[in-house]
Amino acid sequence: MATTEAELSQAEISDLDRTDLPLRIVDELKNGGRLVDTAVIKLPTKGDVRMTVVVRGAPDASPEEIQQALEAWRRAERKLQNLPGDDEDEPRAANEA
Numbered sequence: 006m007a008t009t010e011a012e013l014s015q016a017e018i019s020d021l022d023r024t025d026l027p028l029r030i031v032d033e034l035k036n037g038g039r040l041v042d043t044a045v046i047k048l049p050t051k052g053d054v055r056m057t058v059v060v061r062g063a064p065d066a067s068p069e070e071i072q073q074a075l076e077a078w079r080r081a082e083r084k085l086q087n088l089p090g091d092d093e094d095e096p097r098a099a100n101e102a
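Each number in my numbering corresponds to the 1-based position in the sequence shown with 5 added.
See below:
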């Protein structure tokens with residue numbers, strides 16, 4: 006599914022309605038506003054688990070507001086990219102402290 010800053014086409018909206026995405030996500034994608042960025046982030050697990058992020062600004066956002074949204078997203082993305090892995094979630098043994 007191609008996404009641009011323009012509104013989704015009727016065909017794309019129809020395609021969204023037939024996905025297995027939750028309704029609140031479909032609604033956000035349909036009515037979300039100007040596209041700021043997208044990302045697919047691999048989660049730090051042993052399996053192949055990914056998170057898909059679509060960042061949108063307000064439909065009537067000014068260029069400055071879109072720039073602020075992009076900067077906020079970049080800060081958040083860095084945090085998401087640096088999530089601890091499975092082995093980092095486990096408590097360390099007493100002799101490792």
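All residues carry an ideal CB built from backbone N, CA and C; glycine is no exception.
Subject >> Unbroken alpha helix (DSSP H) run spanning Lys84, endpoints >> reply: As a first step, residue 84 must be located in the sequence shown, where it is residue number 79. Start and end: 68 to 86.
Original post:
When the Cα atoms are used, what is the spatial distance from Leu88 to Gln73?
Top reply: One-based indexing of the sequence shown puts residue 88 at position 83. One-based indexing of the sequence shown puts residue 73 at position 68. Each residue's Cα considered, the two are about 23 Å apart.
Original post:
What is the DSSP secondary structure of Asp25, reduced to helix, strand or coil?
Top reply: Locating residue 25 in the sequence shown gives position 20, where the first residue counts as 1. Reduced to three states, the DSSP call for Asp25 is coil.
Original post:
By the 10 Å Cβ neighbour count, where 16 or more other Cβ atoms means buried, how is Val54 classified, buried or exposed?
Top reply: Here residue 54 refers to the residue found at position 49 when the sequence shown is read from its first residue. Val54 comes out exposed.
Original post:
Apart from the five residues on each side of it in sequence, which residues of its chain come closer than 6 Å, Cβ to Cβ, to Val58?
Top reply: Position 53 of the sequence shown, counting from 1, holds the residue named residue 58. Answer for Val58: Ala44, listed in chain order.
Original post:
When DSSP labels each residue in this structure, what does Val31 get in the three-state scheme?
Top reply: Translated into positions along the sequence shown, residue 31 becomes position 26. Helix.
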